[in-house]
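One structure is given below, encoded as structure tokens.
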């Protein structure tokens, strides 16, 4: 009895102690504050990883996923544009070709890049979008406008390594070609200036050979009605121009030309006149005229020393041995291209061919909706000497209503009155 009585006060004492130590529940304001501070750590645990480990992980991810990953947070977006990440990609051997598309017809031109879309439904603030059959879309490149507001032109856009060069763009006020050059860094998506052309040209065309940019064109020769042809060479490694422009007025004439690099030579094509510059011997040579037959439009490119073009809805290639153009065979399942070659663009996409084209559909009874399509084609040269293509995929990547002028991509709305595919290029990053 006595033991029971003595134990009872002890139990009461523990209860009393527990009661006295009990804390008051936090106020709603304090609770909200605590929750707000802990949420970012729980939602983005990857950002708490050491930088070296984080860079190592991101460097192994394909660049096709970077536009989607950049939506995670500002910190993530900054990491994906850092030079350290691309150094890590280079050391790990993870560099790859990335497709860039320059679309004109905006108040200013806009740049897009090919990316992978998240699988399934993607909910944003505006729409709920389902991934397309191929899983590819065109993503708007963040802040890619040239700060000087210079409009690029097809013959002045070339890609070397991770940079895209905008040579001799038009002035938005006078629409004349300038002699300035700006460079889009495809790692950080920032612009910077390069040394200007030494001579201001009235027309020109540029191509790349051995990390050097060759620019052939026409400029005024003193008198207002007198013109001369010349060529300038820019070394992208040293970022310098050759001391003096190379004269070529005795070799080809005319104001407008197309250029391409084949067999280690810089080819200049105008109408039925074609010449090639041999940089090792420093001389111009006339070559077969047939090579320039299908280079009158902007629908051409060079892949692995073979020239490709598009003619009446067919892709053709130039056989240098037979000196004739041949049709690219094996394109099973590829839809018919528009008959208008102005809306078709070809590009070297890491040794494969990227084909982009525009289709127009009625929209709101009084307008047209423009749809941008893309196909990726693997190329194979067979023992017979013929080149065959295999369609890896094709899909609709972007829709642009010409009236209303809105483009939806994730939670972004871009205003576009009309559009034209200026050029498609592949940068190595």
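Numbering (full-length UniProt numbering), first residue to last: 1 to 429. For each residue, glycine too, the CB sits at the ideal point set by N, CA and C.
When DSSP reads this structure, residue 194 sits in a beta bridge with 181. Of the candidates 102, 369 and 214, 214 places its Cα closest to the Cα of residue 240.
Under the three-state reduction of DSSP, residue 337 is assigned to coil, being neither helix nor strand. If you draw a straight line from the Cα of residue 309 to the Cα of residue 259, it comes to about 13 angstroms. Inside the UniProt domain "F-box" (43 to 89), DSSP marks whole alpha helix (DSSP H) runs of 4 or more residues at positions 51 to 59, 66 to 69 and 74 to 80, from first to last along the chain. Under the DSSP assignment, residue 308 falls in the beta strand (DSSP E) whose first and last residues are 306 to 311.
Counting the other CB atoms within 10 Å of its CB gives residue 83 a total below 16, which places it among the exposed residues. In the DSSP annotation of this structure, residue 320 is not part of any beta strand (DSSP E), being labelled neither H nor E. Residue state for residue 152 is assigned as coil, using DSSP reduced to three classes. Between residue 419 and residue 395, the C-beta gap is not smaller than 9 angstroms, which leaves the two residues out of contact. Beta-bridge partners of residue 247 (DSSP): 230. The beta-carbon distance between residue 377 and residue 392, rounded to whole angstroms, is 7 angstroms. This is short enough to meet the 8 angstroms contact definition. Note that the C-beta distance between residue 202 and residue 218 is below 9 angstroms.
Contact between residue 424 and residue 347 is confirmed by a C-beta separation of about 4 angstroms, below the 8 angstroms threshold.
For residue 354 and residue 101, the gap between their C-alpha atoms comes out near 11 angstroms. Taking C-alpha positions only, residue 162 is separated from residue 428 by approximately 5 angstroms. In the structure shown, residue 117 adopts coil according to DSSP, grouped into three states. Note on residue 93: under 16 other CB atoms within 10 angstroms of its CB, so exposed under the neighbour-count rule. The Cβ atoms of residue 67 and residue 109 lie no closer than 9 angstroms to each other. Per the coordinates, the alpha-carbon of residue 320 lies some 43 angstroms from the alpha-carbon of residue 118. A direct Cα-to-Cα measurement between residue 284 and residue 361 gives close to 47 angstroms. Secondary structure at residue 377: strand, using DSSP grouped into helix, strand and coil.
Annotated three-state conformation of residue 295 is coil, per DSSP.
DSSP, read as helix, strand or coil, puts residue 389 in strand.
Excluding sequence positions up to five before and after residue 139, its CB lies within less than 7 angstroms of the CB of 67, 112, 113, 115 and 409, all in the same chain and listed in chain order. Note on geometry: alpha-carbon atoms of residue 141 and residue 188 lie some 10 angstroms from one another. If you ignore the 5 residues before and after residue 60, its C-beta comes within less than 7 angstroms of the C-beta of 92 and 94, all in its own chain and listed in chain order. Residue 388 and residue 328 have their C-alpha atoms roughly 6 angstroms apart. Beta-bridge partners assigned by DSSP to residue 217: 204 and 230. Here the alpha carbons of residue 209 and residue 152 stand approximately 21 angstroms from one another. Rounded to the nearest angstrom, the gap between the Cα atoms of residue 72 and residue 54 is 15 angstroms. Judged by their CB atoms, residue 167 and residue 197 are nearer to each other than the 9 angstroms cut-off.
The beta carbon of residue 343 sits closer than 6 angstroms to the beta carbons of 357 and 358 from its chain, once the five residues preceding and following it are set aside; these are given in chain order. Of 238, 52, 269 and 180, the smallest CA-CA separation from residue 211 is found for 238. Under the DSSP assignment, residue 423 falls in the beta strand (DSSP E) whose first and last residues are 420 to 428. Residue state for residue 91 is assigned as helix, using DSSP reduced to three classes.
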